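Take 832 as the starting number for the sequence shown in the numbering used here and just add one per residue.
Where a beta carbon is used, it is the ideal one built from N, C-alpha and C, also for glycine.
For clarity, every value in this text was computed on a predicted model and none was experimentally measured.
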Amino acid sequence: MAAKTMEELVSLCKRRGFLFQSNDIYGGIKGLYDYGPMGVELKNNLKQAWWKSMVYERDDTEGLDASILSAPVVLKHSGHEDTFSDPLVDCKICKSRFRADQLENSDCPRGGLLSDCKVKDLTEPRPFNLMFKTAIGPVDDGSSFAYLRPETCQQIFTNFKNILDSTSRTVPFGIAQMGKAFRNEITPRNFIFRVREFEQMELEFFVVPGTDDKWHEYWIDKRINWWVDQGIKKENLKTIEVEKSELAHYSKRTVDINYLFPHGEEELEGIANRTDFDLGSHTKNQNEFKIESKVMKNSSSTTKLAVQNLEEKKWYIPYVIEPSAGVDRGVLALLNEAYKEENTDKDNKRILLSLKPHLSPIKAAVIPLKKNNDELVNLSKEIKSNLQKLGLGRVVLENSGNIGKNYRRHDEIGTPICITVDFETLEDKSVTVRDRDTMEQKRINLDGLENYYRDYFN
Ligand code: ATP
């Protein structure tokens, strides 16, 4: 069973250190969240799983970590300066701003839904550009500024030639990047679903024109299966064909992978066929190429973003298939999927996060049965340190002495195994290993503990 409400997740996240409202002690800023001790581990584990699947396990991709500050000319030729906007309406009465295409679900600051407000007086919609700007250099007179990137992929396109030249890749191949993106959303909402600062995991996969439809299908399949491997039930994922009239300016076809979030079904990842728009748009000497999409004339670029067809010796601009996933929406989906409430006996219930072990923030907790007992604590520290050295993720020592509370806490943060060191351990050199999901406990000999642990996570 997933969480029943967003409130349950928000409460667990704050209580157990997954997520906090950013700038909390000063009242917070809307649309910004900070990942706490558990959140940062979960998020890093999700990103690591993506990187493993997109870079390490493939023979046709490379990685990149490009700058966040982006030259305006890049976002001019990407089309963002002209088109990256949402329709904005103002209420003349309460001076609040809303997204014109989401009025039905918007809350009225006076209380209740906006659609029920009797006194509202809304303006006509007008485009509102979502990009954040910041000054570059010591003089802030508007003459030199950069954008905080609104998506990670543009610097993949601008680095296309650098990567080709430094790796001698041939098409088809992909460039993967994960990192921050910024959008000045008019109405950030639904916890970390729609925020103003978030992370994306994007692959730009370059293909020969004409093979793009086939590769698009391949990536849709691949990405759904990957989310299922992360623990999301297939029945909670849905592929949605984006209507022609809703397609972004660069897209020939986009399929969204939607997830059933606690607030409703919405986009988790988009997989777009971006055609030759991006490389075509950022290339110099555009006239030399047969660019299918409609691009703006480019007299600023210094490089041709093209490859040579080795048989015909002709230069062409590859097409791009882009699976683009949101890390924060991924974290929210995983938390929701993993959240469970169980009755342990007549009067007691437990909350647990049944996360896949590779995603769990803490891989194992080592618990000395008695707090501050030197023998038990020293042995626990040694066990913890040996498991930590195996490099499978964070292992913690819990020296609070309350075994029941420790189990409850580790259930709630999704720790797959708890290892208890008790007085018998000193005699028989074995520990109690408790499984999060079944609550089964078994004795494991210390000699075999590292192998047991390694096997559990591999
Ligand atoms: P939406 O329609 O929900 O605004 P989008 O279609 O604009 O999303 P894309 O531009 O396709 O989103 O971005 C790729 C991914 O980045 C999305 O699938 C989503 O997971 C994530 N993402 C986009 N905007 C946000 C945001 N404001 N907060 C959190 N994640 C986001």
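Element boundaries [beta strand (DSSP E), containing residue i]
i: G942; result: First-last for G942: undefined, no H or E at that position.
i: I1102; result: G1095 to T1106
i: M1270; result: Premise fails: M1270 is in no beta strand (DSSP E) and is neither H nor E.
i: D1087; result: R1084 to F1092
i: R928; result: R928 to R930
i: E1072; result: L1068 to E1072
For residue i, the nearest candidate out of the options (CA to CA)
i: D1282; options: E1255, N1217 and V1227; result: In the sequence under discussion, the amino acid at residue 1282 is Asn, which differs from the Asp named in the question. Selected option, being the one with the closest Cα: N1217.
i: L843; options: Q1219, K1171, I1193 and D1259; result: K1171
i: S1211; options: T1251, K874, D1286 and V1002; result: T1251
i: G1232; options: K1121, A1196 and G859; result: A1196
i: D947; options: G870, N936, G1222 and N875; result: N936
i: I1214; options: K1273, V1226, N1203 and D1205; result: V1226
i: S1155; options: P1019, G1279, E1035 and E1243; result: E1035
i: S1112; options: P1019, N1289 and F991; result: F991
i: F1288; options: R846, M869, N876 and L863; result: N876
i: E1255; options: E1074, F915, L1207 and K1075; result: L1207
i: S975; options: P903, R1240 and I1275; result: P903
i: I798; options: S898, F1004 and I1055; result: Residue 798 lies beyond the stretch modelled for the chain, which goes from 832 to 1289, so this question has no answer here.
i: E1271; options: Y1284, I1248, D1278 and S1261; result: I1248
i: S901; options: Q986, K874, I924 and L934; result: Q986
i: G1161; options: R1239, V1059, F1013 and S916; result: V1059
i: E1297; options: I1051, K1069, D1176 and L906; result: This structure cannot settle anything about residue 1297, because the visible part of the chain is limited to 832 through 1289.
i: E1123; options: K1145, Y1150 and P958; result: Y1150
i: G973; options: V1026, P1093 and K964; result: K964
i: E1077; options: A880, D1259, T914 and R1267; result: T914
i: R957; options: K1065, S999, R928 and F1092; result: R928
i: L1165; options: A977, L1186 and F988; result: L1186
i: F1092; options: A1169, Y866, D1052 and S1082; result: A1169
i: D952; options: D1268, L895, C939 and A1079; result: C939
Residue burial classification, residue i (beta-carbon count within 10 angstroms, cutoff 16)
i: L945; result: buried
i: D1159; result: buried
i: Q1031; result: buried
i: A966; result: exposed
i: Q1008; result: buried
i: E1028; result: buried
i: N854; result: exposed
i: Y857; result: exposed
i: R1285; result: exposed
i: I924; result: exposed
i: R847; result: buried
i: T1001; result: exposed
i: K1144; result: exposed
i: M869; result: buried
i: E872; result: buried
i: D1278; result: exposed
i: E1153; result: buried
i: T1106; result: buried
Cutoff 7 Å: residue i Cβ touching any chain D Cβ
i: D1052; result: Among the chains in the structure shown there is no chain D, since it carries only a single protein chain.
Residue i - containing alpha helix (DSSP H), residue span
i: G870; result: P868 to W882
i: P903; result: P903 to H908
i: D1259; result: F1254 to D1259
i: D1043; result: D1043 to D1060
i: G1161; result: V1158 to A1169
i: L843; result: M837 to R846
i: I798; result: The chain is shown from 832 up to 1289; residue 798 falls before or after that span and cannot be answered.
i: I987; result: Q985 to T989
i: T914; result: H911 to T914
i: I1198; result: First-last for I1198: I1193 to P1199, but that is the beta strand (DSSP E), not the alpha helix (DSSP H).
i: N960; result: No alpha helix (DSSP H) contains N960, which is instead part of the beta strand (DSSP E) from R957 to N960.
i: R980; result: Counting along the chain, R980 falls outside any alpha helix (DSSP H), and DSSP gives it neither H nor E.
i: H1241; result: I1234 to I1244
beta-carbon residue i near the ligand MG non-hydrogen atom, thresh 6 Å
i: D855; result: Of the ligands one can find in the structure shown, namely the ligand ATP, none is the ligand MG.
Residues sharing a beta bridge with residue i, DSSP
i: K1145; result: N1140
i: G894; result: A1007
i: T1263; result: T1251 and R1274
i: F1029; result: A1012
i: I1023; result: Paired residues: none, contrary to the question.
i: V970; result: In the DSSP output, where bridge partners are listed per residue, V970 has none listed.
i: S999; result: According to DSSP, S999 bridges with nothing at all.
i: I1182; result: E1172
i: S1155; result: E1033 and G1101
i: Y1150; result: V1038
i: D921; result: R928
i: F963; result: L979
i: L1223; result: Answer is none; L1223 lacks a bridge partner.
i: Y864; result: Q852
Report yes or no: do three or more beta-carbon pairs, one from the stretch 1130-1145 and one from the stretch 984-997, lie closer than 8 Å? yes
Below 8 Å, can you find three or more Cβ-Cβ pairs linking the stretch 874-889 to the stretch 909-922? With the cut-off at 8 Å, the stretch 874-889 and the stretch 909-922 do not touch.
Assess, as a yes-or-no matter, whether the stretch 1125-1134 is touched by the stretch 1003-1020 under the definition of 3 or more beta carbon pairs within less than 8 Å. no
Using 8 Å as the cut-off, can you tell me whether the stretch 1044-1051 makes contact with the stretch 1020-1027, which would need three or more C-beta pairs spanning the two stretches below that distance? no
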